[in-house]
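Here is the structure we will look at, set down as structure tokens.
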Ligand SMILES: [Zn+2]
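Residue numbers (this note's numbering): 7 to 471.
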């Protein structure tokens, strides 16, 4: 099967050009002007006049079917990757979880079983480490070899995912040897739990208490601490879902002094704010950790993206229904399952707020959503580029189409949208996963189980730049 995408503008992280793209089977075979006139034939031609041709977006932070707070994140690998595809995202990297007392292998096998035969587009895994001991440290090396080269640890959630500084440091030392990357959820969970208990005792039980207790300074402190530990271990570190100006300042200082510190933020920290956590229990729809911050933070985070102190925007997609799941926390905000739906909306929100909003170029938009995550997470140039030889994960993007985000029309398996009623400019017209059209004009044309596991390399890019 050969497909020709004609007359579009190919937008890449390094520049844009008017060009046709020829796909042969699952990969990109040729890029150039007037490929048809040059005698190249195809079984199907997609007219991309007036459209952008971009590499499929990559979301390196999702939680499909994550067990959390006595329930499960609702999207499965099938519904989650399908919703992602509608929004122009053709690869996700999800977090497999090591349960306390069990092996990393056990956790990874569980996540493979959830995804295999279900995902409609490609997926990889990072590994969440709940125990750091001689056995799990040894297992890390094996996971790097089998294409799962990143390990996430937490300074938050005491009693659940929390690791102390010694455990974090030992894991970092191991990645200094095996080439892996440590990803950190950096909030001071010990201090947060003290303030959260005091907040409830003082009578604030609604979700706003979640935002007030998880102070920005606690994120800044933990961010500095884990970066310093990584410096001592001589390894790069990647801060997940950075939300606060305090934390961004720590990343910026670290990068200025030459530290290999990397960080992502998420759309919710660029478009939503602490105000959304108000309105009584309605605020539960917006409970995630770190929490939404004051609006004043938005400009700082955009600056971070412009100046490359933040390299990636991912979603931390972790959806819980408002009715039946979020309401576990009625009367005590500490019991609201933490997480927001978002895998479907990232590309359009970032286009609307970033490119249409005049904050970033369309090339930087592609970089943040696809190319930089592919490089940092060992998938480039198989993913993250429209280039000869790359997987034909391609989105034909209409930068002018307008749509209104709503739970009534989204494809995520969750009963509300954080962006209900918001109009965005830009939308994915045709989405291809390894050469197969999986979404066309709002219709799903893909197949459950077509997604494949992406075996990733250890992140040499993180070590060099
Ligand atoms: Zn997460």
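Where a beta carbon is used, it is the ideal one built from N, C-alpha and C, also for glycine.
If you're wondering where the values come from, they're calculated on a predicted model, not measured in any experiment.
Among 382, 322, 169, 319, whose alpha-carbon lies nearest the alpha-carbon of residue 196? As a working mapping, residue 196 is identified with position 190 in the chain shown. Considering only alpha carbons, the answer is 169.
Contact under 8 Å by Cβ, residue 113 with residue 57: As a position in the chain shown, residue 113 is number 107, starting the count at 1. As a position in the chain shown, residue 57 is number 51, starting the count at 1. No.
How would you call residue 471, buried or exposed, if buried means at least 16 neighbouring beta carbons within 10 angstroms? In the chain shown, the residue the question calls residue 471 occupies position 465. Here the model assigns residue 471 a pLDDT of 47, short of 50, so the residue's position is not dependable and the matter cannot be decided.
With distances taken Cα to Cα, identify the nearest neighbour of residue 277 among 284, 300, 28, 255. Counting from one through the chain shown, the residue named residue 277 turns up at place 271. Nearest of 284, 300, 28, 255 to residue 277, Cα basis: 300.
Tell me the start and end of each unbroken alpha helix (DSSP H) in the region 156-238 that is at least 4 residues and wholly inside, in chain order. 171-184, 195-207, 214-219
May I ask whether a heavy atom of ligand 1 can be found less than 7 Å away from the beta carbon of residue 118? Locating residue 118 in the chain shown gives position 112, where the first residue counts as 1. No, ligand 1 has no heavy atom inside 7 Å of this Cβ.
In terms of DSSP beta bridges, what is residue 408 paired with? Counted from its first residue, the chain shown places residue 408 at position 402. Note: residue 408 sits in a beta bridge opposite 431.
Identify, in the order they occur along the chain, each residue of the same chain with its Cβ nearer than 7 Å to the Cβ of residue 193, setting aside the five sequence neighbours on each side. As a position in the chain shown, residue 193 is number 187, starting the count at 1. Excluding residues within five positions, the ones whose Cβ falls inside 7 Å are 161, 162, 220, 224, 225, 228, 295, 296.
Separation of residue 379 from residue 242, as counted between CA atoms: The sequence position of residue 242 within the chain shown is 236, counting from 1. The sequence position of residue 379 within the chain shown is 373, counting from 1. Rounded to whole angstroms, residue 242 to residue 379 spans 15 Å at the Cα level.
Quick check: what's the CA-CA separation for residue 118 versus residue 218? By one-based count along the chain shown, residue 118 stands at place 112. By one-based count along the chain shown, residue 218 stands at place 212. Between residue 118 and residue 218, the C-alpha separation is close to 37 Å.
Is residue 324 close to ligand 1? I mean its beta-carbon at under 7 Å from any heavy atom of the ligand. Stepping through the chain shown from its first residue, residue 324 is reached at position 318. Yes, since a heavy atom of ligand 1 falls inside the 7 Å radius drawn around the Cβ of residue 324.
Is residue 216 close to ligand 1? I mean its beta-carbon at under 7 Å from any heavy atom of the ligand. For the purposes of this step, residue 216 is taken as residue 210 along the chain shown, with counting starting at 1. Residue 216: no, Cβ never under 7 Å from ligand 1.
Can you give me the C-alpha to C-alpha distance between residue 207 and residue 335, rounded to a whole angstrom? The residue you call residue 207 lines up with position 201 of the chain shown. The residue you call residue 335 lines up with position 329 of the chain shown. Taking the straight line from one Cα to the other gives about 15 Å.
How is residue 459 classed by DSSP in three states: helix, strand or coil? Numbered from its first residue, the chain shown carries residue 459 at position 453. Three-state DSSP puts residue 459 in a strand.
Limits of the unbroken alpha helix (DSSP H) element including residue 118: For the purposes of this step, residue 118 is taken as the residue at position 112 of the chain shown. Where residue 118 is concerned, the enclosing alpha helix (DSSP H) stretches over 110-121.
I'd like to know if residue 324 contacts chain D, where contact means its C-beta is closer than 8 Å to some C-beta of that chain. This model lacks chain D altogether; it includes just one protein chain.
Kindly give me the distance between the Cβ atoms of residue 184 and residue 150, rounded to whole angstroms, as I take these residues to be in contact under 8 Å. Your numbering for residue 184 matches position 178 in the chain shown. Your numbering for residue 150 matches position 144 in the chain shown. Their Cβ separation, rounded to whole angstroms, is 5 Å, which keeps residue 184 and residue 150 in contact under 8 Å.
Thinking just about the alpha-carbon of each residue, which of 77, 101, 275 is nearest to the one in residue 330? Mapped onto the chain shown, residue 330 falls at position 324. Checked all of 77, 101, 275; the closest Cα to residue 330 is 77.
Helix, strand or coil for residue 379, going by three-state DSSP, please let me know. Position 373 of the chain shown, counting from 1, holds the residue named residue 379. Three-state result, residue 379: helix.
Can you tell me where the alpha helix (DSSP H) with residue 397 in it begins and where it stops? Mapped onto the chain shown, residue 397 falls at position 391. Where residue 397 is concerned, there is no enclosing alpha helix (DSSP H), given that its DSSP letter is neither H nor E.
DSSP bridge partner residues for residue 50 (one or two, in chain order): Start at 1 with the first residue of the chain shown, and residue 50 comes out as number 44. According to DSSP, residue 50 bridges with 9.
Residue 126 to residue 33, Cα distance in whole Å? Within the chain shown, residue 126 is the residue found at index 120, counting from 1. Within the chain shown, residue 33 is the residue found at index 27, counting from 1. Taking the straight line joining both Cα atoms gives about 17 Å.
Going by Cα to Cα distance, which pick from 453, 157, 388 is closest to residue 89? As a first step, residue 89 is located in the chain shown; it is residue number 83 there, counting from the start. The candidate whose alpha carbon is nearest that of residue 89 is 453.
Can you find the residues in the same chain that come closer than 6 Å, C-beta to C-beta, to residue 11, ignoring five residues on each side of it along the sequence? Counting from 1 along the chain shown, the entry for residue 11 is found at position 5. Here the set comprises 27, 52, 54, 59.
Just to confirm, are residue 190 and residue 257 a CB contact at a threshold of 8 Å? Numbered from 1 along the chain shown, position 184 holds the residue referred to as residue 190. Numbered from 1 along the chain shown, position 251 holds the residue referred to as residue 257. Not closer than 8 Å, so no.
For residue 268 and residue 62, I'd like the C-alpha separation in whole angstroms. Counting from one through the chain shown, the residue named residue 268 turns up at place 262. Counting from one through the chain shown, the residue named residue 62 turns up at place 56. Computed Cα separation, rounded: 22 Å.
Alpha carbon of residue 289 to alpha carbon of residue 282, nearest angstrom: Working through the chain shown from its first residue, we reach residue 289 at position 283. Working through the chain shown from its first residue, we reach residue 282 at position 276. Cα to Cα, residue 289 sits roughly 6 Å from residue 282.
Uninterrupted alpha helix (DSSP H) stretches inside the region 57-111 (no shorter than 4 residues): 83-92
With a threshold of 6 Å on Cβ separation, who are the neighbours of residue 458 within its own chain once the five nearest residues in sequence on each side are excluded? One-based indexing of the chain shown puts residue 458 at position 452. Hits under 6 Å: 128.
Is residue 374 helix, strand or coil by DSSP? What you label residue 374 is simply residue 368 of the chain shown in a count that begins at 1. The answer is helix: DSSP assigns residue 374 an H, G or I state.
Might you give, ordered along the chain, the residues of its own chain that have their beta carbon closer than 6 Å to the beta carbon of residue 8, omitting 5 neighbours on each side? For the purposes of this step, residue 8 is taken as residue 2 along the chain shown, with counting starting at 1. So the list reads 30, 48, 49, once near-sequence residues are dropped.
Grab me the residues of residue 23's own chain with a C-beta within less than 6 Å of its C-beta, minus the 5 sequence neighbours each way, in chain order. Counted from its first residue, the chain shown places residue 23 at position 17. Closer than 6 Å at the Cβ level, and outside the excluded window around residue 23, lie 16.
Cβ of residue 259 within 7 Å of any heavy atom in ligand 1? Along the chain shown, read from residue 1 onward, the residue named residue 259 stands at position 253. Flag unset: Cβ of residue 259 not near ligand 1.
Cβ of residue 132 versus every heavy atom of ligand 1: is any distance shorter than 7 Å? By one-based count along the chain shown, residue 132 stands at place 126. No, since every heavy atom of ligand 1 falls outside the 7 Å radius drawn around the Cβ of residue 132.
May I ask whether a heavy atom of ligand 1 can be found less than 7 Å away from the beta carbon of residue 246? The sequence position of residue 246 within the chain shown is 240, counting from 1. Yes, the Cβ of residue 246 comes within 7 Å of a heavy atom of ligand 1.
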